[in-house]
Each structure stands twice: as C-alpha cells, then as structure tokens.
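Here is the structure we will look at, set down as structure tokens.
Residue numbers (mature numbering (1 follows the signal peptide of the UniProt record, and there is no 0)): -18 to -1, 1 to 1007.
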C-alpha cells in the first residue's frame, strides 16, 4: 500500500517531466509551426475534434493553433474566410511576437477534415530544417524541395517495411514450436527512433541548393489539376498547373508567408470575387512569386492506406503492436514482478524495497525511458502510415459525429428495449386481435423513436425552386429527380449504416431487427415553385410581375423568403428550414437533411467545445477511477495517470476560451437559443476591403436557411432590391446577411457547377449534396440517370449493389483509449510471452468485440448519462426547442429503411387507428417516458452489478444476459398496478363526461374525443403487459 502511494506520487512528478521530453521529441511541431485550422462555425464542431485533440492534448500546442470558427463567431476579421487575408494577418502577428519571430519556420493549413501524423510530420520537418533552415542554407539559393520529398518517401517506406518485417520473421518461427520470438528487431526500431527524436541535429546541408537562384519559399500539398478548362477556375488552359487538396493539409514556410505579406502591401493583385480560395492562392503564388506547388503524395488524399492498430483487426503489424503495448505498460509489468518477488521475501526485505522505491523510480524514468513511453503512445494511437497529414473525407461518410451518434443510439436503445418487451408479450385470441394490438404498439414507437431533440427529418424542411415563365421547361427535370415520391423512396432507402470502429454496439442503429420490425413510412418532400407569372402547365406560386427577365431575380428570392416566413414560421409549422434552389439545381435531399442536422450543434467555438469535453472527461475519470482500475487489481498505471493529467492540463490551457462568442448571444448577452443559419457554397467579395467586404452563398449550389435567418430578413427595413444588378440575387442576399450579422457558412458538397467541372479525384472523396446544370443539353431521362449516378449512387460501382455503405466519419480518442486498455487487459492475463502472438490477438479481438467483463474507462452509457436523461425529460415534459410540439413519426436518415416483414399485418388496420390519430400526445409524454426513465435506471443498475464480475480466467465465457432480460420483463409486468393507476388518472383528465368541457366547436370536440380514444388504446396495451 505504501509503495503504491509512493509510486503514484512519483508518477505525477514524472508527468511534469514528460512535457519537457515531449518538447525535445516534437521540437518543430511544438515551437516552430503555426497551425491554421479553417473550420466552419457550428456545422464543423465535431469534425475538427480529432485534429484539435492531436495539437492540444497530445502535443500540448494550443499556443500555435488558430481556429477560424472562433474568429467568425466573434464577428471579427470575417475576411479570413477567403484565406488571403488570414495569411497576411498571420505574418503580421508572428512579427509582433518576439518568441514567434525567432522560432516560427513553418505554417500548416488544414480544414476540420485534416489530420496530422505527429511522428511523420516531425520527421519531415527535421529534413526541411537540415536542407533549408539550419545554418541559413536557404540564403545560398533556391532549394530543390522535390528531392527532399523523395528522400523522405524512400526513408519512411523503409521504416514501414522494417515494422512489417517482424511479421515475416514470426512466420519463420512458426515451425519451431515452443521457441521464443527474437525481439531484437523491434528493440532496434524503438532505440533508433528514440535516438533520432531526442537528438535534434542543428547542422545544415546544402546538397539540394540550386546555384544562382533565389529561394522564395516552399508550398507543399497533394496536387490536383484541371484535365480540361473549368469555369470555376476561369477556364485556365494549363492542364499542368497544380493546386493543393485542402483537406489533406498544406505546408508553407515563413519565407513564403513573408513574400505574400510584402506583395500584398505593394500592389493590388487580388480578385474582386474569390470562388475557389486555395486554387486562387496557388495561382497568385505561381504568377506573382514564381512559387509552384510541390506535389507530395504523403499529404494523403484520404486515409485508406493507413493501418489503425486500435481498430483491432488482424493486420501485418500484430507483433509490432504487441511489443509497443508492452513498452507502454512497462510500469505495470515491473510492479507485477515486484509483487511476485514480495511473496517470497520476508517483511524486512519488503521494507527495504519500499525505502528504495523513490530511487528506483527516478532511475527508471530518465529522459530515455520517458521518450520510449511517449513514442510508444504515438506509435499506438496514430496509424501505421507514410503520410505526414491526410484527409478523412470519403464518399462513405455519414456526416454524423461520434458523440451524437452514441447519444442517439443509447437513448433509442432504451426505447427499443421497451418495444421488444411489449411485442413479445402480446396476448391475443385470433390473428385480427394480434394485428390490431401490434399496430398500436408500432404506431406508438413510430412516434417515440423519432421524438429526439437531436434529429431533424424531411418534415422540417421546405424546398423552394426559383423558376420563371421563360424557364418552366426545366420543371419536368426536377419532377423526374428529387421532387418525385418514387425517387425519394430510392434515395432514402439507399443506405446501410455500419461502423469502422470496432466496439460493442447494440441498439437502434446497429439492429437489423429494428430495421425490419417497424414499417417504413412514405416520405414526401414538400417542394414549392416560385415564378414570375402563372403557369398553364404547373401548379406554382407566382408574383404576377411584368419583369420576367433575370432583373426580377432579387424580388423573386425575397418573395420566396417572405412566403416561407408568413406561411410556415408565423403559423408555427414544423417546417423550420428553407432550401432555396434554382430550377436547374439538383439536390440529394437525404444528404441535405444530414447537413441540416449539423446546424443543431451547440453554438460555441471549437476551443470552448474541447474545453468542455476535457473538463467533463477529467471529472468522469475521477468519479469512475476505482471502478476502472479493478481491471488491473487497483494498481497504478502510468498511461492512465498520463491521460488523466493531460485531460486536466488540456482543460487548463483552454480555460481562457471558456466564453460564449458574440454570434451565439442576443442583445442582452444571454446565450441565444435561435441562431441564424445560412449554409451553402461560400464565395467572397472584396477580400481586402475593410468596409465593402462580404461573403455570400452562390445560388446555383442552393442555399439552406433556417427560421431565424428568414425572420431577420423579413423584418429588415433596409433589405431592398435595387434596380441595378438585381439579377445577382445571391450576392444581394449575402450583403443583407452581412448587415444583419448572419454568417455565410461554407459546407463542402454544395457544388455550383456540373461534376464535369471538378477534378475526378477530388469528387471521389466528397459526399455531394447538390450539383448545378445536370440537365444542360440533356433529355429528362438522361438527366435522371446522371442525377442518380452522381448524386445518389455516387459511392457504388453500379446499380446492382443493393445498398451504399456509410460509416463513422472519424475515429474518436475515447474509443481508442479504451481499446488500448482493453487489449492490455487480456494480454496481461498471460503469465509469459506467447509463442503465437497473431493467434493470441485473434482470440483477444474476438473477446473484445463481445465481452462484458472489461470495465470501460469511458463507459458511454455512463459518460452521456446526464445528456440522455435530459433528452428523455425533454420528451416527457414537452419542453422542445420549437414553440410548438412537432409531431414526428419513425424516420431516420442514418439507417437502412426497408419494407417491414410485418407490414402485411398492418395492411388491415382500421382507418381510425391511423398514425394521424397520434397527434397531441401530451399524455404519452406524461406516461411513457416514466417507463423509459425507469428502463434507463435499470440499465445503469445492470452496469453496477457487472462490477463484481470475476475477471481472472482468460477463457471464461462472457455471461449471457438473457435470464436478466426475462427478469426485467417479469419486473415490468409487476408494475401493472402502477400503470393502471396512471391510466385511470389520464382517463379522468381527458374525460368527456363533463358537459362544461364540451363546446359547440366541432374541432375542439374532435380533439377531446381523439385524446380519449388514444388513452383507451394505451390502457389496453399496458394491461396486456
């Protein structure tokens, strides 16, 4: 006991020393590199989490991190969104700070979808030090950056092969049963890596200097080009001109930044309108500074070639993983050995050991040892890869964050559990009675499963098409694509939801049972057409104006927004979002609704968001520490203390960002619950003008606004369409938005042009939301085929594939932390090193996917306990964000919605029992969610019972919880008395026997009768239980 306390004390001292060692290991990243993260406000909140985690938590480098969302949400330096001005202002700030002026050499630009590989990035920056900046080599002439990249590529490939070679060595040893594996190769890898990163070489080398030339800076990224002239790039005819893929990350240096700054103050060289920001930066550097992009395939376009050791799938690096994990948990192995030795020694010897603990611990954790531990951490938590940076965008992404997914999953799993109980206990005398009772249960859960504060559906959006009497021949193209019930069904049923994270999963999103148990409803997308004249062919809205040319576009757009506000918002409709499209804009409504859901993210900037997460994580670890450490017999763990300390330190470093930004407040300074939303593809006007600058969303890609944006424009007295240039309606709307403090938010996937105008590699890694002009020079049927090819089946090779696969957008550090502890939990059961590590890992991975014995560090049900409880209480109390309770039925954008196997049974239901009779369900909130809350508490109790499981035996079968499940059903039945009392109360509440409550108003009378009818339905239903 005394020894354990001493060890904990010295672990904490060692953690302080870790920061100093980490600065030696990552000198360039921590001291010499500025990171500019161009993340969009609100919609990118969860997507930028892992890049910020790398920089703030793992690398402790919040000082050199700039985030665009904080700037925009404070309504300052809005022209940073166009990148040019951000680069100029970044250089000015570096020059104003003495420490930065002396140290900063490199600038890394990325988006919320960019990721860095710290070890590889530091390795590459050391090469740039050696060949560019050490001993001021760059002053001797221009540098051949391509040769430096080639040197890195060759060396990093050899290093990867060395790690993989351990597997091949193991295969040779297979034939010799019982022979111990030679680990000298991996020890050599670890030692060489430690030596390189601890010893920074300040010497320069001029072998890549190009004589009689001038060095203007470096510009590195994954290169794209236009194979044919593109309108978005002003029809540039040079097919060999390359520009970087922004999501992969871009590397510049201080020399280039200085030259950009100097050029910006000596001449007016920037375009009035900025369209493709990174392309225009590249063009400027090429034309004005003679600096071309050096293409670098290891700023990777995606992460497909990365091997994530914590995904727990067998790969070629199993032995490498095993020994790195042993290094990472070296302290526990040492303590275990001491425990074993202690059993054979007398008490006098034990006291001697305790007295010498301080000395032994200090000796053990010298810089070399700490460096090994830290490097092992980075080698395990980051992928086996050659990339210095990479993008996580793919055509299979779900646009759903890790936390939100699990909150929804756990909450709906509680509801699903109740659904299963009710359907399994239906009592009936004939098939008709079974049909009726099953329909009642299904209708109830259609409502409950979608009653989620985190989710918006197709019911919450109205699409407005801006057309004209002169262009109404385009309307059939829309009627044959997204404004079509049969097509809508195909679009929404096109997906299955699977996870690339290997974790225990059960519940709504992962349950095939639920997909087939509840009937998919018919999805109707509401579309209106606003024209200038009444049409004789189509049912449209019209202004009846004399102006039918483009000069009337601004008034038409304004009328559309006014119509949405007056007919939907003022009337308290469930339509809270309005998508404005041209009559040749084509949209995947499923993907549009995914983006719409992202606007529900909390209105905070990303550093405040991460501060909240780290603080919550630290408190959670403190509260559950004893529970988790039972996995390891309550012994101290260096890795656990390291992580816990980092959560606290990261929270402390971000404490200064703990405030609500201006955009998220109303005039009284209180956090505003209704934030204006204005999302699409952003362009910029007059980036270098202090007064006349504004961002706007290009109309051809479509514009998504919410009720608050519509309200502000509706009430705006100065939002007037001028007689001049009224055809540039999207720019006029952007100017109104700027004056009303409404941010134009960019989201990649809204495309202003036809897919042929974009680089194919680029489109292969982006989920499209809209395209423009798919119908150009095409028939209606040809356009339909293009629409499905490019906007619906974009991640399938052909129509024969049944479903499109979508998965998590990104891995999450909480999942990865638990994965490493869980893995070690099992290998710790082995007394000696196994002879067949691959076979052992295979067995461990299988148990990790199924086991309930391991006590998770981040038990998600506990971690999100308060949030889930709040959501259920919101449902119970009817305390929704919107003014009026929105009636919702079962419809979810994230699961495959196939026809139910039980749908035939539902076909014979009585018309009076239709879904429409389930409106105004205040009684449902009062009644059903009490049951849901009890179920949630029951689930928590189950977790507490699991704490006493015996984890000693590695081959122990995981317990089967079916008996427990049956006990829950029995317990549920025993509550019949309570439920009957509830129903009795509800019946009295909605009784129609009191004549004073009846009115001559038939509508009020009908509502009262419907409520009474519905209460009777649920009384029958619960009596059956």
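Glycine residues also receive a C-beta, built at the ideal position from the N, C-alpha and C atoms.
The structure presented is a predicted model; accordingly, all values stated were derived computationally and were not measured.
Please state whether DSSP places residue i in a helix, a strand or coil.
i, result
"residue 294", "coil"
"residue 701", "coil"
"residue 2", "helix"
"residue 525", "coil"
"residue 189", "coil"
"residue 282", "strand"
"residue 974", "Its pLDDT being 39, under 50, residue 974 is placed unreliably by the model, and nothing is read from it."
"residue 504", "coil"
"residue 673", "coil"
"residue 379", "strand"
"residue 664", "strand"
"residue 194", "coil"
"residue 445", "strand"
"residue 16", "strand"
"residue 1012", "Since the displayed the chain opens at -18 and closes at 1007, residue 1012 lies outside it and no answer follows."
"residue 289", "strand"
Cα separation between residue i and residue j?
i, j, result
"residue 819", "residue 368", "25 Å"
"residue 1012", "residue 663", "Here the chain covers residues -18 to 1007 and nothing more, so residue 1012 does not appear."
"residue 256", "residue 798", "40 Å"
"residue 718", "residue 370", "42 Å"
"residue 34", "residue 383", "15 Å"
"residue 127", "residue 120", "11 Å"
"residue 57", "residue 644", "7 Å"
"residue 878", "residue 421", "Confidence is the limiting factor: at residue 878 the pLDDT is only 28, short of 50, which leaves the residue's position unreliable and the question unanswerable from this model."
"residue 377", "residue 416", "43 Å"
"residue 582", "residue 25", "8 Å"
"residue 803", "residue 173", "24 Å"
"residue 395", "residue 401", "10 Å"
"residue 686", "residue 571", "12 Å"
"residue 464", "residue 470", "6 Å"
"residue 592", "residue 639", "10 Å"
"residue 92", "residue 14", "17 Å"
"residue 391", "residue 474", "19 Å"
"residue 510", "residue 456", "14 Å"
Is residue i buried or exposed, if buried means 16 or more other CB atoms sit within 10 Å of its CB?
i, result
"residue 373", "buried"
"residue 544", "exposed"
"residue 764", "exposed"
"residue 410", "exposed"
"residue 437", "buried"
"residue 40", "buried"
"residue 375", "buried"
"residue 348", "exposed"
"residue 78", "exposed"
"residue 697", "exposed"
"residue 365", "buried"
"residue 812", "exposed"
"residue 284", "buried"
Under the criterion of a Cβ to heavy atom distance below 6 Å, does residue i qualify as lining the ligand NAP?
i, result
"residue 89", "In terms of ligand content, the structure shown is empty, and the ligand NAP therefore cannot be addressed."
Just to confirm my understanding: we take residue i, look at its own chain, exclude 5 residues before and 5 after, and list those with CB closer than 6 Å. What are they?
i, result
"residue 533", "708, 709"
"residue 54", "23, 725"
"residue 94", "21, 26, 29, 30"
"residue -2", "none"
"residue 59", "53"
"residue 927", "Confidence in residue 927 is poor, its pLDDT being 49 and thus under 50, which makes the residue's placement too unreliable to answer from."
Below 8 Å CB to CB, which residues in the same chain sit around residue i once its five sequence neighbours on both sides are set aside?
i, result
"residue 7", "104, 179, 180, 353, 356, 357"
Give every residue of the same chain whose Cβ lies closer than 7 Å to the Cβ of residue i, excluding the five residues on either side of it in the sequence, and list them in chain order.
i, result
"residue 218", "208, 211"
"residue 130", "109, 110, 113, 190"
"residue 221", "207, 208, 209"
For chain B, check one thing: does any of its Cβ atoms lie closer than 7 Å to the Cβ of residue i?
i, result
"residue 824", "Looking at the structure shown, chain B is missing, and only one protein chain is on hand."
Quiz item: Unbroken alpha helix (DSSP H) runs of length 4 or more, entirely within the stretch 59 to 136: which are they?
Solution: Listed in chain order, the complete alpha helix (DSSP H) runs (minimum 4 residues) inside the stretch 59 to 136 are 66 to 78, 80 to 85, 100 to 110.
Practice problem: Write down every uninterrupted run of the alpha helix (DSSP H) in the stretch 544 to 592 whose length is 4 residues or greater and which is fully enclosed by it, in chain order. | Solution: Every unbroken stretch of the alpha helix (DSSP H) spanning 4 or more residues and falling wholly within the stretch 544 to 592 is given here in chain order: 571 to 580.
Exercise. Only counting runs of 4 or more residues, tell me where the alpha helix (DSSP H) segments fall wholly within the stretch 28 to 62, in order along the chain.
Key: For the stretch 28 to 62, the full-length alpha helix (DSSP H) segments reaching 4 residues or more read 31 to 34, 50 to 55 along the chain.
Quiz item: Residue ranges of each alpha helix (DSSP H) run of no fewer than 4 residues wholly in the stretch 602 to 645, ordered along the chain?
Solution: Complete alpha helix (DSSP H) runs here, min 4: 620 to 635.
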